[in-house]
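A short write-up of the structure that comes next.
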Amino acid sequence: MTHAQDVITESEIAGQLEIACESRTSDAEAVLIHSLRSREDSGYETLVRSYGPLVMATANRYLRSQDDAADCFQDTFIAIFESIDSFQGRSPFRFWVRGVTINQCLMTLRKRKRRREESIEHMLPMFNDRGRRIEVASPRQKSEIGESLDAEQRRQVVRENIDRLPDKYRLVLLLRDIDGYSTREAASILGIEVNAVKTRLHRARSALKHMLEQTIDWKHCHVDV
Amino acid sequence: MLTCKQFDEFMADYLGDGLPIWQKYMCWLHVKMCRECAYFMQQYRKTIALGKNAFESPDDAVPDSVPEELVKAAMAHRKSR
């Protein structure tokens, strides 16, 4: 590549700075985005090295399989590269990258053979004929760590239980509670109605609460709410 | 007054501040009057917080880099297309 090709013109810099100002995109990100739009190989490598960890962590969380995550990793970067012109700088670049990754994960999940999933019906709140809540004591599992979970063990238990949720509930929980998407955004990503997101989220949280009761003692569980 | 079942249907919106003021008041009143729902809601809120907390651990933080072979595979994948 010649020096002339390396030089970014003033108008291009102004354009990138506009993106940077609008979305708080860093200068390095603005240069990377320009490089990707110019279809430069070096830009692609920088993209993979800089955003690889974020893409991998997101894919692992959504796919629960390292093999699937590795496949998704490659497809995600191709998707980012091919759709870079659609990035308008309205959100930080890393959020956009994460969104593309999640979309790729959802496509992988749709293609993947459905795994056997546990029903959550028995984990949901129950009510009598008059609509009064019926408290059902959930059996506490006797485990070595049951009463004295340290912070990391507790996180592990929560992650494992989130992974046990059927995909239709798990995905809504990840999008809303973990990745912080709004109800409307989650509905758009999943292609379902806003009310369906609300219902699934409430059921997912209720089922997760039920599952956690088996190992976590609420009285001694101190967490900022 | 709302029944527990009706309150349960509103709970996520109640906690997420997504209810009109009169419905919010009805929920608030129900929680004040119903110990079971108050207790359930307390645990429900802890569940949400635990979920967020579960992915904030340093072990789950985004790593500094990915394995070199994965980077090379991604580069090769693009060239093969």
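The listed protein sequences correspond, in order, to chains A and B. Here the working numbering = 1-based position in the first sequence + 1051. Here the working numbering = 1-based position in the second sequence + 227. In this text, a Cβ means the ideal position worked out from N, Cα and C, and glycines have one as well.
Bridge partners of residue 1178 of chain A according to DSSP: A:1184.
Proximity to residue 1084 of chain A across A:1157, A:1118, A:1143 and A:1106 peaks at A:1143, based on C-alpha coordinates. The Cβ-Cβ distance between residue 1098 of chain A and residue 1087 of chain A falls below 8 Å. Using a CB distance cut-off of 8 Å, residue 250 of chain B does not count as an interface residue toward chain A. Contact with chain A is absent for residue 241 of chain B, since none of that chain's Cβ atoms lies less than 8 Å from the residue's Cβ. Residue 249 of chain B: member of the alpha helix (DSSP H) spanning 248–260, first to last residue. Taking the Cα positions, residue 1202 of chain A is about 20 Å away from residue 1225 of chain A.
Of the residues B:292, B:247 and B:249, the one whose Cα lies closest to the Cα of residue 1100 of chain A is B:292. Annotated three-state conformation of residue 235 of chain B is helix, per DSSP. The DSSP-derived three-state label of residue 1094 of chain A is helix.
Close CB contacts of residue 1135 of chain A within its chain, under the 8 Å cut and outside five residues either way in sequence, are with 1084, 1087 and 1088 (chain order). Take residue 1236 of chain A, set aside five residues on each side of it, and the residues of its chain with a beta-carbon closer than 8 Å to its own are 1226, in chain order. Contact between the region 1158–1167 of chain A and the region 1233–1249 of chain A is absent: fewer than 3 CB-CB pairs across the two stretches fall below 8 Å. Residue environment for residue 1252 of chain A: buried (at least 16 other C-beta atoms within 10 angstroms of its C-beta). Contact between residue 235 of chain B and residue 1176 of chain A holds: their C-beta atoms lie close to 6 Å from each other, under 8 Å. Under the three-state reduction of DSSP, residue 228 of chain B is assigned to coil, being neither helix nor strand. Comparing alpha carbon positions, the residue from A:1239, A:1133, A:1131 and A:1104 closest to residue 1120 of chain A is A:1104. Following the DSSP letters along the chain, one finds residue 1273 of chain A in no alpha helix (DSSP H), marked with neither H nor E.
For residue 1260 of chain A, the C-beta contacts it makes with chain B under 7 Å involve 270, 271 and 274, in order along the chain. Note on geometry: alpha-carbon atoms of residue 1132 of chain A and residue 1172 of chain A lie some 42 Å from one another. Taking the C-beta atoms as reference points, residue 1153 of chain A is found no nearer than 8 Å to residue 278 of chain B. Taking the C-beta atoms as reference points, residue 1245 of chain A is found no nearer than 8 Å to residue 1223 of chain A. In the structure shown, the three-state DSSP call for residue 1267 of chain A is coil.
Residues of the region 1262–1274 of chain A with a Cβ closer than 8 Å to any Cβ of chain B, in chain order: 1263, 1264, 1267, 1269, 1272 and 1274.
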